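K.L.:
The structure follows.
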Amino acid sequence: MAQPVNADLVDSVRSRLPDGGHLAETADVFALLGDPGRLTLLVALLEGELCVRDLAAACGQGESAVSHQLRLLRAHQVVTVRREGRLAYYRLADAHVRLLLDVALAHIGHAPATDHIGCATEIPGGAR
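Each residue of the sequence shown is one higher than the one before, starting from 1 at the first, in our numbering.
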């Protein structure tokens, strides 16, 4: 292991790092977002709750493929489902998921970063 230049700073950083389990869960979420098909579904869900058939039509994907991807996303608490008769309606799980998508899209220049209530957010240091 490398010898630190500033041991106090290194100790401070080390004490604030999440444990391995939390890091692994976070990596799993980013891996889910790394698939263009799943990411397309999530971006579509930024518009609101959609049933599987409408989501498949909007994203140009087959219903069975969309259902499979949504099961994976639901297992990692990225989306939630509401059933109405034979239809399953999906939406983003919470404001954290929306914020994650908003910031990622803003990073590549396709949408403004927003806070939890949809207002434009200033990126610290003016970074974009």
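Backbone N, C-alpha and C define an ideal beta-carbon position, used for all residues, glycine too. Here the structure is a predicted model, which is why all the values come from computation and not from measurement.
Rounded to a whole number of angstroms, what is the C-alpha to C-alpha distance between residue 105 and residue 95?
P.N.:
15 Å
K.L.:
Out of curiosity, what's the CA-to-CA distance linking residue 122 and residue 52?
P.N.:
Since pLDDT at residue 122 reaches only 47, below the 50 mark, its modelled position is unreliable, and no value is offered.
K.L.:
In three-state terms, what does DSSP make of residue 66?
P.N.:
helix
K.L.:
Give me the Cα-Cα distance between residue 40 and residue 21, rounded to the nearest whole angstrom.
P.N.:
Computed Cα separation, rounded: 27 Å.
K.L.:
Between the C-alpha atoms of residue 125 and residue 9, what's the straight-line distance to the nearest angstrom?
P.N.:
Here residue 125 scores only 46 on pLDDT, less than 50, and its place in the model is too uncertain to base an answer on.
K.L.:
Have a look at residue 78 and residue 93 and give me their C-alpha separation to the nearest angstrom.
P.N.:
If I take the Cα positions, the gap works out to 5 Å.
K.L.:
Only counting the same chain, and skipping five residues up and downstream in sequence, which positions put a Cβ closer than 8 Å to that of residue 18?
P.N.:
26
K.L.:
So, at 8 Å on beta carbons, what are the nonlocal neighbours of residue 44 in its own chain, with the 5 sequence-adjacent residues on each side left out?
P.N.:
If we look at residue 44 and ignore the five residues flanking it on each side, its Cβ neighbours are 50, 55, 58 and 59.
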